[in-house]
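Engineer:
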C-alpha cells in the first residue's frame, strides 16, 4: 500500500533518536521507583484503585516501576518495542488519571499525558530499522 510507505530517508534515524532519548529518560525516571522496595511500590501502585483495582498495590507499583525502568531500556535498544510501548502507555494513562483525580494542574499531569501520546504513536510507528527487533525479527521483504 503506497499510503504507508516510508518516503523520508531520515525516518529510521529519527525513530532511533526518539527511542534512545526517551528510553534513557524513562530508565532514569523509573530506576529509583524500582529500587525503592515494597513501600515505594505500594505507594505508586495505590493509584490503581482509581481504575477499580484496589488489591496488591505493591504488585502494581512494581509493574509500573519495571515498565518505566526496564521498559525504558527496551525502548532505547528497540527490543520487544511494541510491548514496551503498550506497557508504558498504560502506566502513563494511570499516572494521568492519578494526577487529574488529585486535582493537580496541567503543568503537573502534562508530562504523563504527553508521554502517553508518545508511546501510543510509537507503538504504531515501530522501532525502525536501527533496532534489535529488526535484527532478531526482520520484516519480510516486499516484492514490489
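Residue numbers (our numbering): 16 to 159. Here a beta-carbon is modelled for each residue, glycine too, at the ideal position from N, C-alpha and C.
(1) Rounded to the nearest angstrom, what separates residue 107 and residue 41 at their Cα positions?
(2) For residue 120, name the three-state secondary structure that DSSP assigns.
(3) With a threshold of 8 Å between beta-carbons, can residue 100 be considered close to chain D, or not?
(4) Note down, in chain order, each residue of its chain lying with its Cβ closer than 7 Å to the Cβ of residue 27, except the 5 sequence neighbours on either side.
(5) On the CB-based measure, 16 or more other CB atoms within 10 Å of its CB, does residue 148 come out buried or exposed?
(6) Starting from residue 60, follow the alpha helix (DSSP H) in both directions and report where the run begins and ends.
(7) Looking only at C-alpha atoms, which of 99, 46 and 73 sits nearest to residue 139?
(8) Specify the secondary structure class of residue 46 as computed by DSSP and reduced to three states.
Structural biologist: Based on what the coordinates show:
(1) Position 92 of the chain shown holds residue 107. Position 26 of the chain shown holds residue 41. Looking at the two C-alpha atoms, the distance is approximately 11 Å.
(2) Here the question's residue 120 lines up with position 105 in the chain shown. If DSSP states are grouped into helix, strand and coil, residue 120 belongs with coil.
(3) Here there is only one protein chain, and chain D is not present.
(4) The count along the chain shown starts at 1 and reaches residue 27 at position 12. If we look at residue 27 and ignore the five residues flanking it on each side, its Cβ neighbours are 143, 144 and 145.
(5) Taking the first residue of the chain shown as position 1, residue 148 is located at position 133. By the 10 Å Cβ count, residue 148 comes out buried.
(6) Counted from its first residue, the chain shown places residue 60 at position 45. That run of the alpha helix (DSSP H) goes 52–60.
(7) Within the chain shown, residue 139 is the residue found at index 124, counting from 1. Comparing Cα positions, the closest option is 99.
(8) Indexing the chain shown from 1 puts residue 46 at position 31. Under the three-state reduction of DSSP, residue 46 is assigned to helix.
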